[in-house]
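Participant: Under numbering that gives the first Met the number 0, think of the first position of the first sequence as 0, with each following residue one higher. We treat Cβ as the ideally placed atom computed from N, Cα and C, and that holds for glycine.
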Amino acid sequence: MTDVRTRFAPSPTGFLHVGGLRTALYNYLLAKKEGGTFVLRIEDTDQSRKVEGAVENLVDTLAWSGVQYDEGPGKEGEYGPYIQSQRITLYQKYAHQLVGENKAYYCFCTAERLKEVRERQIAAKLPTAYDRHCRNLPKSEVEKNLKRGEPHVIRMKIPLEGDLTFNDLIRGDVTISHKILDDQVILKSDGYPTYHLAVVIDDHFMKISHVIRGEEWLSSTPKHVLLFGYFGWDVPRFAHLPLLLNPDKSKLSKRQGDVAVEEYRLKGYLKEALVNFVALLGWNPGDERELFTLEELTKEFSLDRVGSSGAVFNIEKLDWMNFEHLRRKPVEEVLRMLKEYLANSDFKEKPFTDEYLSSVIDTMRERMNFVKDIVEKSPYFFSPPLSYEPNALSKRWKRSSSEHLKELGEAFSALNHPSTEDYEKALHAVAEKLNIAPAELIHPLRLALSGVGSGPGLYDILHVLGKDESIRRIQAAIERIP
RNA sequence: GGCGCCAUCGUCUAACGGUUCAGGACGGAGCCCUCUCAAGGCUCAAAUACGGGUUCGAUUCCCGUUGGCGCUACCA
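Given below as structure tokens:
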């Protein structure tokens, strides 16, 4: 078998779509699994849709995700350039070659005429397609129009009879009748190719072995197969991926939530979680494992375990995966992310030691879905409470609490470098002395320390905060709470 | 409208004709643990779209219906 070469070929619309990430991932996974090459190619043949900085953004976001390409913009290989707008003459040459071989033809129809034809077809309830007006134009007329500089496109000739079958690795054989195929424009009047021409030429010259792309391309694949045949080139293998859907099952769109990978990145999702999540949208390992690293995916991936029906992008499961990946991260890495978050927060002026922050991370491990939760769910680790949650106060703070806490504070003062166990022992001793249940101390103390009624274990909070700070907060609470 | 693709719990999915009263996960409900909140453990509710075939036997194969989606541009 020849070398596996796959490609991700997005058009630079300004951001990387999560569906695009999955397509890129599957291409990457197959290439890596087979020891092949993964290519990034930019399909920017539509001049009207140019977006400034879109390529850089795409490359950046892809790099963030960890789905690294071997050849592409900035990583020139043997088969570049990898940006289609830099390959225009290639496409033009082959489009004209096809005209010379009578497999394509010049078309001088105006946009107005095309529109008219279409409207007439719609009115007559006929399928809309080009009426092939220019397909058999006399040579003399073509020459005359060309000489006059009439605007024109090049259309491919579709056989008038018969049908075409191609194999899709995910869907099996797909057959379509030539009759319903349009004489597709392959070279536009501005000299740029359409997708259909460019994709065939590039996949051929870049020696792509597997075309893995979204299902929206399934219908136009017969045209591509025809073109490969016209050029006398081998047809690559195709695998058309099921679409990613909105909760209402329509094609995943911006209207119903975030579709840009960048948005998820900004919201604090881990690349590990996002990659793991999209990998499982349409693929599964065949057993009950769900949590994978990119390396593990590379080992396990196989196209024949890719399903064929669309998958709803379910944020709740993504959140769970983020939690799972986050809790598996080494403290040092979470620490790095936490510091980055703090640097942009209200606490940026406060000097926290790595040791302190690491202990906060340890106590918050099971309680955070995102790194930002460490701060948002437990701000009391970063500054003393300024107020006390009213509900918890009325439920947990008794008339005698001030007196009890005073006693506790004194007991804590006597402690020397206390461990979590030391705090626990001291608290139980005080409870016994006062002849009350430990809970009578625990809840008010939690309020005094954190200002809220829920959070990590009390002794952990004490230990993280340290003796001095804990005592300060106890005193502050006694003064402030009646 | 035409053509194509798809169809298992709310969602992601497993079951490659028969160890299946259809398994797992997310989410939901409940219980346990417990100083609270989580985490964890246990339990529960929840699906083969419908109708025909083929077969000793269909979630699985075939046909039809229905539904969803995609394509139907000088956009990709």
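Please confirm whether Leu225 and His239 have their CB atoms less than 8 Å apart.
Facilitator: Taking 8 Å as the Cβ cut-off, Leu225 and His239 do not qualify as a contacting pair.
Participant: Out of Ser399, Lys394, Leu426, which has the shortest C-alpha to C-alpha gap to Leu407?
Facilitator: Here the closest residue by C-alpha is Leu426.
Participant: For Trp282, list the residues DSSP reports as bridge partners.
Facilitator: Paired residue(s): Val305.
Participant: Can you tell me whether DSSP reads Val277 as helix, strand or coil?
Facilitator: The answer is helix: DSSP assigns Val277 an H, G or I state.
Participant: What does DSSP give as the partner residue(s) for Pro126 in the beta ladder?
Facilitator: In DSSP, Pro126 forms no bridge with anything.
Participant: Taking only three categories from DSSP, how would you classify Met367?
Facilitator: If DSSP states are grouped into helix, strand and coil, Met367 belongs with coil.
Participant: For Ala310, list the residues DSSP reports as bridge partners.
Facilitator: Ala310 is bridged to Leu243.
Participant: Hey, how far is the Cα of Thr292 from the Cα of Tyr25?
Facilitator: Approximately 14 Å, taken between the alpha carbons.
Participant: Does the region 231-238 come close enough to the region 111-119 that 3 or more CB-CB pairs lie under 8 Å?
Facilitator: No: the two stretches stay apart, fewer than three of their Cβ pairs being nearer than 8 Å.
Participant: From the DSSP secondary-structure annotation, give me the bridge partner or partners of Pro11.
Facilitator: Note: Pro11 sits in no beta bridge, so no partner.
Participant: Only counting the same chain, and skipping five residues up and downstream in sequence, which positions put a Cβ closer than 8 Å to that of Ala94?
Facilitator: The residues are Ala103, Ile153, Ile185, Leu186, Pro192, Leu196.
Participant: Grab me the residues of Arg40's own chain with a C-beta within less than 8 Å of its C-beta, minus the 5 sequence neighbours each way, in chain order.
Facilitator: Excluding residues within five positions, the ones whose Cβ falls inside 8 Å are Arg6, Phe7, Ala8, Gly71, Tyr81, Ile82, Gln83, Asp201, Met205.
Participant: Say whether the region 382-396 touches the region 359-371, bearing in mind that this needs 3 or more beta-carbon pairs closer than 8 Å, one atom from each stretch.
Facilitator: Because the criterion of three Cβ pairs below 8 Å is not met, the region 382-396 and the region 359-371 do not touch.
Participant: Can you find the residues in the same chain that come closer than 7 Å, C-beta to C-beta, to Ser386, ignoring five residues on each side of it along the sequence?
Facilitator: Excluding sequence neighbours, Ser386 sits near Gly450.
Participant: Would Ala391 and Leu317 qualify as a contact pair, given that the criterion is a beta-carbon distance under 8 Å?
Facilitator: No, these two residues do not count as a Cβ contact at 8 Å.
Participant: Give the straight-line distance between the Cα atoms of Lys124 and Tyr78, rounded to the nearest whole angstrom.
Facilitator: Cα to Cα, the separation comes out at about 46 Å.
Participant: Which residue's Cα is closest to the Cα of His483: Ile473, Pro417, Gly281?
Facilitator: A question about residue 483 goes unanswered here, because the residues of the chain that appear run from 0 up to 481.
Participant: Thinking Phe483 and Lys32 are a contact (beta carbons under 8 Å), I'd like their distance in whole angstroms, please.
Facilitator: With the chain covering only 0 through 481, there is no way to say anything about residue 483.
Participant: Let me make sure I understand the geometry here. Which of His462, Thr88, Phe381, Leu440 has the alpha-carbon closest to that of Asn415?
Facilitator: Comparing Cα positions, the closest option is His462.
Participant: Excluding the five sequence neighbours on either side, which residues of its own chain have a C-beta within less than 8 Å of the C-beta of Lys252, listed in chain order?
Facilitator: According to the sequence displayed, residue 252 carries Ser and not Lys. Only Asn245, Val258 meet the Cβ criterion.
Participant: Mark Asp162 as exposed unless 16 or more other C-beta atoms lie within 10 angstroms of its C-beta, in which case mark it buried.
Facilitator: Result: exposed.
Participant: Would you tell me roughly how many angstroms separate the C-alpha atoms of Asn283 and Val17, rounded to the nearest one?
Facilitator: Distance between the alpha carbons of Asn283 and Val17 is about 18 Å.
Participant: Report all residues from its chain with a CB closer than 8 Å to the CB of Val54; omit the five preceding and five following residues, and keep chain order.
Facilitator: Contacts found: Pro11, Ile41, Asp43, Pro72, Ile82.
Participant: Could you tell me how far apart the beta carbons of Leu159 and His177 are, in whole angstroms, since I believe they sit closer than 8 Å?
Facilitator: Confirmed, Cβ separation roughly 7 Å.
Participant: Output the residue ranges of the alpha helix (DSSP H) runs that lie fully inside the region 44-93 and measure 4 residues or longer, sorted by chain position.
Facilitator: The qualifying runs are 53-64.
Participant: The alpha helix (DSSP H) with Ile470 in it runs from where to where?
Facilitator: Unbroken alpha helix (DSSP H) run through Ile470: 466-479.
Participant: With 16 as the cutoff for other CB atoms within 10 Å, does Thr36 come out buried or exposed?
Facilitator: Burial call: buried.
Participant: For Met363 and Ser308, I'd like the C-alpha separation in whole angstroms.
Facilitator: Approximately 39 Å between the Cα atoms of the pair.
Participant: Could you pull the DSSP bridge partners for Asp172 from this structure?
Facilitator: Looking at the DSSP assignment, Asp172 forms a beta bridge with Asn166.
Participant: Tell me, please, whether the region 365-385 touches the region 433-442 by the rule of three or more beta-carbon pairs shorter than 8 Å.
Facilitator: Touching, no, given that fewer than three Cβ pairs across the two stretches are closer than 8 Å.
Participant: So, for His65: in the same chain, excluding its five sequence neighbours on each side, which residues have a beta-carbon less than 7 Å away from its beta-carbon?
Facilitator: Note that residue 65 is Gly in the sequence shown here, rather than His. These residues qualify, in order along the chain: Lys270, Val274, Leu293.
Participant: Over the uninterrupted alpha helix (DSSP H) stretch that includes Leu433, give me the two end residues.
Facilitator: Here the alpha helix (DSSP H) through Leu433 covers 419-433.
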